[in-house]
Amino acid sequence: MTSPFVFSNLPVELVRDILEHAAHSDRVTARNLTLVSSTVKHWTDPILYDTVVLSTARSLRAFVAAIANKPSEFVRTRVRNLGIFTLGPVQSIDRVLKACAGVQSLACGFSLPSYMQTQGSDALQSLKQPREQHLLGVACRDGWDASLVGPTVTHLRIHLTSFDSSRPESPFSISNTPGPDSGWDRLKALPSLTHLAIVYRPSGSTPPTAIIPHLSRLIPSSPKSDSGAHLPSLQLILIQVVGATKDASFASDTVSALNAAAQSAGGPALRIVAELAPFSAARQWEESVRGGQGVWDSAEAIVQKRLATSSAPK
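Using full-length UniProt numbering, read the sequence shown as starting at 1 and increasing by one per residue.
Quick look at the structure:
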């Protein structure tokens with residue numbers, strides 16, 4: 001004798017709400033629910049594909065196999081957040097990027113130069129309307145091409161590979177190509193960029209605060225400013241300072257020094273905020289897209305407080 005289904009007396013709409021809530025709350029539960037019935041699978045399958053994190057070559061291959069059995073429209077419209085944190089196979093990475101063309105937040109933890117060398121840039125440049133891009137760790141280690149960032153991107157995080165204050169016109173090297181295009185000039189083609197985060201490891205050869213004047217130049221002095229030196233829509237720059245466990249105090253002191261320098265400089269520099277880098281930038285990204293605290297949330301609150309203080313009558 002079988003026991004009655006626990007939801008048998010509830011309206012179908014309520015049952016669906018309950019199961020979808022359970023699927024949103026726990027990924028393992030979401031996977032298990034797809035095995036209950038075809039109806040429940042239809043309800044919960046899209047939730048599994050909303051945020052996709054591929055951290056190993058095995059998970060990458062498994063996802064490629066899974067989407068091979070899905071309608072292309074399903075994958076293109078359902079995957080909103082995509083994180084790829086494995087080096088390859090690059091052919092599989094390319095297939096995933098092409099399939100997930102509707103992604104809104106993309107985090108890359110693979111070598112962009114190596115990927116472009118074999119696969120080109122078509123897949124990244126064909127993303128429909130990405131809003132966030134996070135180029136983390138190895139993605140920027142050997143430089144990267146800023147043209148890979150879509151014109152609709154409003155939030156961008158990168159790892160700063162080098163900073164040379166002796167080159168005032170191009171102190172930041174963000175490309176693996178020589179010449180003026182290797183500097184921040186490439187980012188001026190991003191008319192929608194409002195939030196920039198750089199993961200920064202200070203070197204002993206350059207004072208950490210030397211970065212502040214150069215970053216200030218990227219921020220408009222006023223909404224109507226027409227200077228060609230800045231990024232037209234930029235509202236906030238977040239500096240995430242990296243420091244090893246053995247020099248944690250140095251990283252903490254660097255954060256304090258950077259924030260003090262930004263406040264002392266005033267003007268556009270008030271929109272520059274420093275904080276300690278998270279233990280894992282990839283994990284921070286995943287937590288934020290799953291409904292946790294956003295990468296820029298704390299910095300936004302600090303900027304609002306600074307601006308309110310600076311505009312208050314004295």
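Where is the CB? At the ideal position from N, CA and C, for every residue including glycine.
Query raised in the report: Under 9 Å between the Cβ atoms of L82 and L112?
Result: no
Query raised in the report: Using DSSP with H/G/I as helix, E/B as strand and the rest coil, what is I219?
Result: coil
Report task. Ignoring anything shorter than 4 residues or poking outside the stretch 63–142, list the alpha helix (DSSP H) runs there in chain order. Result -> 72–78, 90–99, 112–119, 122–125 and 138–141
**Report entry** Reduced DSSP secondary structure (H/G/I, E/B, other) of Q240
**Finding:** strand
**Report entry** residue 400 (DSSP reduced to helix, strand or coil)
**Finding:** Nothing about residue 400 can be read from this structure; the chain reaches only from 1 to 314.
Query raised in the report: Just how far apart, CA to CA, sit A269 and P213?
Result: 8 Å
Requested in this report: Please name the residue in L258, F279 and R131 whose C-alpha comes closest to that of Q104.
Outcome: R131
Report task. Report yes if the CB atom of V241 is closer than 9 Å to the CB atom of E275, and no otherwise. Result -> yes
Query raised in the report: What did DSSP end up calling T194 once you bin it into helix, strand or coil?
Result: coil
Query raised in the report: Are A146 and G109 closer than 9 Å when you measure CB to CB?
Result: no
Query raised in the report: Using the C-alpha atoms, what's the distance from R271 back to A299?
Result: 9 Å
Report task. Give the C-beta separation of S192 and S233 to the nearest angstrom, bearing in mind that I take them to be a contact with Cβ-Cβ under 8 Å. Result -> 6 Å
Requested in this report: Assign S160 to one of three DSSP states: helix, strand, or coil.
Outcome: The question names Ser, but residue 160 in the sequence shown is Leu. Here L160 sits in coil by DSSP.
Query - Own chain, CB closer than 7 Å to A277, minus 5 neighbours either side, in chain order - result: V199, Q240, V241 and V242
Query raised in the report: Cα-Cα, which of L97, Q129, A107 and V52 is closest to S121?
Result: L97
**Report entry** Cβ-based neighbour list, G150, same chain, cut-off 6 Å, excluding 5 preceding and 5 following
**Finding:** L127 and P130
Requested in this report: Could you check what DSSP says for T254 in three-state terms: helix, strand or coil?
Outcome: helix
**Report entry** Own chain, CB closer than 7 Å to T209, minus 5 neighbours either side, in chain order
**Finding:** A257, L258 and A261
Query raised in the report: Got a sec, what are the start and stop residues for the beta strand (DSSP E) L234 sits in?
Result: Run containing L234: none; DSSP gives neither H nor E here.
Query - For S92 and T254, the rounded distance between their alpha carbons - result: 40 Å
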